[in-house]
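Comments concern the structure below.
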Amino acid sequence: MKSGEYRPFHKKNNNPLYVHHDSDHPKLIKNKMGKMLSERISSLSATEEIFKSEKAFYQKSFEKSGYNENLTYVPKKKETLKKKNRSRKIIWFNPPFSQIVQTNIGKRFLSLIDKHFKNSNLEKIFNINTVKLSYSCMGNMQTIIKSHNKKILAKNKAEESENKTKECNCRMGESKCPLGGKCKKKSLIYRADVTANNKISTYIGQSSNSFKERYANHLTSFKNEKYESNTHLSKHIWNLKKQNIPYNITWSIVTETPSYHPERKRCSLCLQEKFHILTTEAANILNTRNEIMNKCRHRGKFLLSSV
């Protein structure tokens, strides 16, 4: 602390592991491994002398992973103030990478974007500037087996808990339950069909908590005009109320799927909601196309900023 020097830290008997040269990873990643490792160790070393003294430990593990490249010191760049650019909303397509596949997936995918969305109403959302491609790597056998076992055990636990707890606690009984006795179900995509003047308007929504909590929020927005703009469903209900048009709402479950989790690094709940908004066959859907571009709202609670 007093000298101002710093160096890479590693525990004794703890050898680092790197992506093996013969593994099924994109060539670009394996070709840049030496450069990335050199930059990483250099950034953790105060001087070039410290880098050289620590280099042997990492070089040995690097060579064990099948690489012959020599790690070299990378001088630190002077920090300059970068102009802050407006972030663009981008949809990422992450197909799994495999060396066996010879087809240029990226080129084919982007050509399909042009073919199906060019000169259409959805061109502003789906074009080569807003849709990007980046390969993802498949999990190893250990990861796949663990995931499979975890899925089966979670299913058994869910079935046991369902047997112990009721799926509905409505005061008037299951006959008056908006979901037919399943209002306490969590992590689901639901559908609301509003019938007015012999016309059905459909709204697709999601709930990571129990549906009953989400339903209570909807009822609040229907009763209090100050919450009129909460959802497109509440806007539609208030529009009918102002015209004194009677209406009836029918609720149903579309599908059940888990929300975001750090281990999966994706939110099936948000993806399923967008999928059903895009593919619904309803003639009059209340959801707007802007909802397709919304970011996942469940990821925030896992960030350090929310602690």
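Per our numbering, the sequence shown starts with residue 810, numbered consecutively. All C-beta atoms in this analysis are idealised placements derived from N, C-alpha and C, irrespective of residue type, glycine included.
Asked	Found
Within 8 Å, strictly: CB atoms of I1054 and N1006	yes
Three-state secondary structure assigned by DSSP to T1004	strand
Cα-Cα separation between T1029 and P1071, rounded to whole angstroms	32 Å
For E878 and F941, the rounded distance between their alpha carbons	A quick correction: the sequence has Lys, not Phe, at residue 941. Approximately 32 Å between the Cα atoms of the pair.
S847, enclosing beta strand (DSSP E) - first and last residue	Per DSSP, S847 belongs to no beta strand (DSSP E); it is in the alpha helix (DSSP H), 842–852.
Rounded straight-line distance, which links the Cα of I937 to that of L919	7 Å
Cβ pair count under 8 Å reaching 3, the region 921–933 against the region 951–970	no
Stretch pair the region 1041–1056 + the region 989–1000: three plus CB contacts closer than 8 Å	no
Three or more C-beta pairs below 8 Å linking the region 902–910 and the region 866–878	no
Beta-carbon proximity of Y882 to F860, cut-off 8 Å	yes
Local conformation of E1082 per DSSP, three classes	helix
Boundaries of the alpha helix (DSSP H) in which S920 is found, first to last residue	914–926
C-beta contact flag for I1101 and I1086 at 8 Å	yes
Beta-carbon proximity list for C977, same chain, < 7 Å, skipping 5 on both sides	E983, C986, G990, K991, C992, K993
Sub-8 Å separation of H1107 and S1077 beta-carbons	no
Pairwise C-alpha distance: P817 and E863	7 Å
DSSP-derived helix/strand/coil call for G1014	strand
Chain-order list of residues whose beta-carbon lies under 7 Å from that of N1096 (same chain, five-residue window excluded)	Y1012, I1013, H1041, I1086
L988 burial status per 10 Å Cβ neighbour count (16 or more: buried)	buried
Contacting residues, own chain, Cβ-Cβ under 6 Å from F1111 (five flanking each side not counted)	P1071
With 16 other Cβ atoms within 10 Å as the buried cut-off, status of I850	buried
Alpha-carbon to alpha-carbon, P884 and K959	46 Å
CB contact flag (F871, L846, <8 Å)	yes
Per-residue burial, M950 [other beta carbons within 10 Å of its own, 16 or more giving buried]	exposed
Three-state secondary structure assigned by DSSP to I1108	Inspection of the sequence shows that residue 1108 is occupied by Arg rather than by Ile. Three-state result, R1108: coil.
C-beta contact flag for R1073 and I934 at 8 Å	no
Proximity below 8 Å, CB of V1003 to CB of Y1056	yes
Cβ neighbour criterion (16 or more within 10 Å) applied to K844	exposed
Rounded separation between H834 and T1088 - CA only	34 Å
Beta-carbon gap between N1093 and S1010 smaller than 8 Å	yes
Proximity below 8 Å, CB of R904 to CB of S956	Note on residue identity: the sequence assigns Pro, not Arg, to residue 904. Cβ distance not < 8 Å, so P904 and S956 don't count as in contact.
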